[in-house]
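Novice:
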Amino acid sequence: MSSRHRARRLALQCLCCLDAQGDGAVELVHEFIDDSKEDDQAILAAHELAREAFADLAECDLVLARHARHWELGRLALVDRNILRLGAFELRTERAPKKVVITEAIRLAKEFSTAESPRFINGVLDAVAKELGGDEKTGRDEGDEGDADSDREKRA
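Heads up, the sequence shown is in this note's numbering, so the first residue is 8 and it goes up one at a time.
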């Protein structure tokens, strides 16, 4: 599992905590990241990703609301909502190639959510990516040799 994927996992868990407990849990999520058994690179990336994605939630929710047809964001499962927020944030900020962001979101859904969630996550984030348009970034996210992991999973 790539360091970048581990950072996304931690950031997702933090977003879920903040979603459930509110702004008052900010210190708690920082402690959670720091207490993880991850390497320094993953910890630093998780802090940055969680902090910036949380700060951008309102904008991400506006984008997601346009594409989660027939679903009110507040009624989505907590995990799915936050996987979508994390994915929308990364798509909006172009931190990684669109394909990597969507693949990673699907991996998180497979790991943390229901059997139906990966397909739903894929559909919504694909629509967000199309709305945002622009040129597809080429190459890989720094530290995303995981996507070597994802490539292996696809071939299996």
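Heads up, the beta-carbon is just placed ideally off N, CA and C, and yes, glycines get one too.
As the structure is a prediction and not an experimental result, all values here were calculated from the model.
Is the number of C-beta pairs between the region 69-84 and the region 49-56 that are closer than 8 Å three or more?
Specialist: No: fewer than three Cβ pairs fall under 8 Å.
Novice: My guess is that Leu35 and Phe61 are in contact by the Cβ rule of under 8 Å, so how many angstroms apart are they, rounded?
Specialist: Walking along the sequence shown from the start, residue 35 turns up at place 28. Walking along the sequence shown from the start, residue 61 turns up at place 54. The pair is not a contact, with the Cβ atoms about 13 Å apart (cut-off 8 Å).
Novice: From this set, Trp78, Asp87, Asp41, which residue's C-alpha is nearest Leu22's C-alpha?
Specialist: The count along the sequence shown starts at 1 and reaches residue 22 at position 15. Checking every option, the nearest Cα to that of Leu22 belongs to Asp87.
Novice: Which first and last residues belong to the alpha helix (DSSP H) in which His77 is found?
Specialist: Translated into the one-based positions of the sequence shown, residue 77 becomes position 70. Element bounds for His77: n/a, residue is neither H nor E.
Novice: Please report the residue range of the alpha helix (DSSP H) in which Pro125 lies.
Specialist: The count along the sequence shown starts at 1 and reaches residue 125 at position 118. Where Pro125 is concerned, the enclosing alpha helix (DSSP H) stretches over 124-139.
Novice: How is the alpha helix (DSSP H) around Lys44 delimited, first residue to last?
Specialist: Position 37 of the sequence shown, counted from the start, is the residue given in the question as residue 44. First-last for Lys44: undefined, no H or E at that position.
Novice: Residues in the same chain with beta-carbon distance under 7 Å from Leu4, minus the five sequence neighbours each way, listed in chain order, please.
Specialist: Residue 4 is absent from the model: the chain starts at 8 and stops at 163.
Novice: How far does the alpha helix (DSSP H) with Ala18 in it extend, from its first residue to its last?
Specialist: Position 11 of the sequence shown, counting from 1, holds the residue named residue 18. Unbroken alpha helix (DSSP H) run through Ala18: 10-28.
Novice: Taking the alpha helix (DSSP H) that Ala95 falls in, what are its first and last residues?
Specialist: One-based indexing of the sequence shown puts residue 95 at position 88. Its alpha helix (DSSP H) spans residues 85-100.
Novice: Starting from the Cα of Glu111, find the closest Cα among Ile90, Val131, Asp42 and give me that residue.
Specialist: As a working note, residue 111 is residue 104 in the sequence shown. That would be Ile90, whose Cα lies nearest to the Cα of Glu111.
Novice: Alpha carbon to alpha carbon, what distance is there between Phe39 and Arg13?
Specialist: If you number the sequence shown from 1, residue 13 lands on position 6. If you number the sequence shown from 1, residue 39 lands on position 32. Cα to Cα, Arg13 sits roughly 13 Å from Phe39.
Novice: Once you ignore the five residues that flank Phe170 on each side, which residues in its own chain have a CB closer than 6 Å to its CB?
Specialist: Past the boundaries of the shown model lies residue 170; the chain is included only from 8 to 163, so the question cannot be answered.
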